[in-house]
């Protein structure tokens, strides 16, 4: 290519003669300053990342744009071949085009991924995200989520099961709707080990040394640690936390634990790299491996729920509410529950399950009986300061 | 030895420039590079150093105040010296392993491969056709407790029946070595390839044995390649966290894993202090190394 020098201003080389070295350097200096200004600002610290409905306004384009972006955990929806029957039915019924992502594998990771955008009121290009209790609560407290319109959620109002109606972090369910709830217990591979019956065995038995997995989700692992030490995971003191975390430190340094895992423990459990681990009920059920049972340890089970929420600046809130409402139809909920095997948060789904798969009706992992529920514990709601300190303590210990 | 380097003659500075008419073109050409450097190196570095001096009591909810809290550094180092030391150790072992595996390989390709040279070079690069993540995940299977390789090792008389490879320091270092080997082999190959064969003939004319010829001619002339290769291996290896994440255990965590976790836990000041400490450590180590190795041609 030939650059024509004759036409002034035609190319980068066609600068007027007058531009000399000094001017160039001045220019460079000014652009460096412009670039550097956010940097200079950062030298003064950063503002609180809290937002509110006033500071961060969202517009809803659901009327004109019939679409929805839904981010969820892997293996968490009914699948037939490459299709997702309940989701397709929703698309047909409403004409809303859903993009379904499975890009959430760990609450802390996902939080880290979106916190900068949400903290500065920028869109994260998702209309629904699904977060577990502690993280959901934190996001709501930070003002990062949009308040839901209950008029659009009649099914949720009518059918949400009693035990999930008012969690401490969102008392009236103003910002969140449970997708599924679940239990944390123990799974082991019977091909490689004798049965494990308690969490204490899991972390102390000599023959399991170096073949045990615990979870990177702090409330899951620490819930069991606290109860093993005789504390109540739903209501514990700082001293009880300290002694539980010290105990975990001893266990980690003894080499008992091979890995702290997210959803990915199933693969290791199947191959025998892990012979026993803390596990989520539905994962184990979905693995459909006869060698791998899910058991209720002597210390009880953790109960939690994953909650659908609409982040700030998401542009399809009404569409999102339509989807939430759709999944609280008992027939749809039963279809979903028959596939994912997590606890179904929808009243009336049990009756529908009779028609779909009667063998699942009495399954405690999907429709837990009151007896069964009484052996489960949640995790205490923590204030920001404490939560951050506890997360840090935990991270330091699992770091060896 | 530098004066006999064949590269020296080609390396006579930039192509001849008309000294009299050097207009703004030179500066204009510098702009994209400087802009890039300012945007992606200087700005982030300044931000990083600033963040490392924030008040550690801050949080997302409260914001972070700049208090010039230098105490972050001793605290971070006291809490995580074990992981820093482990990262440097793993990186060093992996680099030595890369030399042991990579030197013979690069030597064979440069001097002995003949017409297979191109194929072998492609073979060195071939793993890059698959994603880094997939390759590392494959090692999980390769070194798995119940896979053939470990079963075979257990069957051998001198290993215990309890032998494990995955989630041990061995698997982490092996993963790092494997992932960074091409970065060692390629610059070394480029160095070896340029060596004038007549120098070796001259050595043998002067009664040098092949071994002596290698030690006196080939090895010194390949040093720039070795230094470049070791730098390209050691520096990223020390900051790597994928291998430790996927192939390691709680007891093999490297400083990169800690920085990631601190970042997600929202403790920016400690995470930044740790990053800066790691950066300074590596720069010092590398500066000493390059100075000791005395290869001016590199820089």
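Residue numbers (our numbering), protein chains in the order written: chain B, 34 to 433; chain W, 736 to 1034.
Virtual Cβ for every residue (Gly too), placed ideally from N, Cα, C.
Item	Value
List the residues of chain W whose Cβ lies closer than 7 Å to the Cβ of residue 78(B), in chain order.	789, 798, 799, 800, 801
Looking at residue 1007(W): is its Cβ nearer than 9 Å to the Cβ of residue 807(W)?	yes
Tell me, please, whether the CB atom of residue 291(B) is closer than 9 Å to any CB atom in chain W?	yes
In angstroms with no decimal places, state the Cα-to-Cα distance between residue 941(W) and residue 949(W).	13 Å
On a CA-only basis, which of 991(W), 973(W), 979(W) is nearest residue 1018(W)? Give me that one, please.	973(W)
For residue 118(B), report the span of its beta strand (DSSP E) as first-last.	Counting along the chain, residue 118(B) falls outside any beta strand (DSSP E), though it belongs to the alpha helix (DSSP H) covering 118 to 127.
So what does DSSP say about residue 842(W), is it helix, strand or coil?	helix
Starting from residue 247(B), trace the beta strand (DSSP E) both ways and give me its first and last residue.	245 to 248
Could you name the residues of the same chain whose beta carbon sits closer than 6 Å to that of residue 1024(W), not counting the 5 residues immediately before and after it, in chain order?	none
Along chain B, which residues have their Cβ under 9 Å away from the Cβ of residue 809(W)?	Within chain B, no residue comes near residue 809(W); the closest Cβ sits about 16 Å away, beyond 9 Å.
Let me know the secondary structure DSSP gives residue 180(B) once reduced to three states.	coil
Can you name the start and end residues of the beta strand (DSSP E) that residue 904(W) belongs to?	Not the beta strand (DSSP E): residue 904(W) falls in the alpha helix (DSSP H), residues 904 to 928.
Is the separation between the beta-carbon of residue 179(B) and that of residue 344(B) shorter than 9 Å?	yes
Kindly indicate the opening and closing residues of the alpha helix (DSSP H) around residue 168(B).	166 to 174
Quick one: measure Cβ to Cβ for residue 379(B) and residue 361(B), integer angstroms, because I've assumed they're closer than 8 Å.	5 Å
Suppose you measure from the CA of residue 823(W) to the CA of residue 817(W); what does that come to, to the nearest Å?	10 Å
Alpha carbons only, please: which of 314(B), 426(B), 208(B) is nearest the one belonging to residue 396(B)?	314(B)
Quick test of the definition: if touching needs 3 or more C-beta pairs under 8 Å, does the stretch 203 to 222 of chain B touch the stretch 307 to 323 of chain B?	yes
Determine the burial state of residue 377(B): buried for a count of at least 16 other Cβ atoms within 10 Å of its Cβ, exposed for fewer.	buried
Kindly give me the distance between the Cβ atoms of residue 323(B) and residue 303(B), rounded to whole angstroms, as I take these residues to be in contact under 8 Å.	11 Å between Cβ atoms; not a contact.
Short of 7 Å Cβ to Cβ, which residues in the stretch 960 to 983 of chain W face chain B?	none
Say whether chain W places a C-beta atom closer than 9 Å to the C-beta of residue 346(B).	no
Using only CA atoms, which one of 123(B), 136(B), 331(B), 370(B) lies nearest to residue 260(B)?	331(B)
So which residues of chain A does residue 417(B) contact, with C-beta pairs closer than 7 Å?	Protein chains in the displayed structure are B and W, and chain A is not among them.
Should residue 426(B) be labelled buried (16 or more other beta-carbon atoms within 10 Å of its own) or exposed?	buried
Report the residue from 909(W), 865(W), 986(W), 932(W) whose alpha carbon sits nearest the alpha carbon of residue 430(B).	986(W)
Report the residue ranges of all alpha helix (DSSP H) runs contained in full by the stretch 305 to 330 of chain B; include only those spanning at least 4 residues, in chain order.	314 to 320
By the three-class DSSP mapping on this structure, what secondary structure does residue 947(W) have?	helix
For residue 291(B), count the other beta carbons within 10 Å of its own beta carbon; 16 or more makes it buried, fewer makes it exposed. Which is it?	buried
Looking at the structure shown, is residue 768(W) part of a helix, part of a strand, or coil, going by DSSP?	helix
Shorter than 9 Å from the beta carbon of residue 304(B) to some beta carbon of chain W?	yes
If I measure Cβ to Cβ from residue 677(W) and keep anything under 7 Å in the same chain, skipping five residues before and after, which residues do I get?	In the structure displayed, chain W extends from 736 to 1034; residue 677(W) sits before or after that span and is not available.
Pull out every residue of the stretch 991 to 1019 of chain W whose Cβ sits closer than 9 Å to any Cβ of chain B, in chain order.	992, 993, 995, 996, 997, 998, 999, 1000, 1001, 1002, 1003, 1005
With 9 Å as the threshold, decide whether the Cβ of residue 311(B) is near any Cβ in chain W.	no
So with CB distances below 7 Å, who are the chain W contacts of residue 81(B)?	796, 797, 798
Express the C-alpha separation of residue 337(B) and residue 171(B) in angstroms, rounding to a whole number.	15 Å
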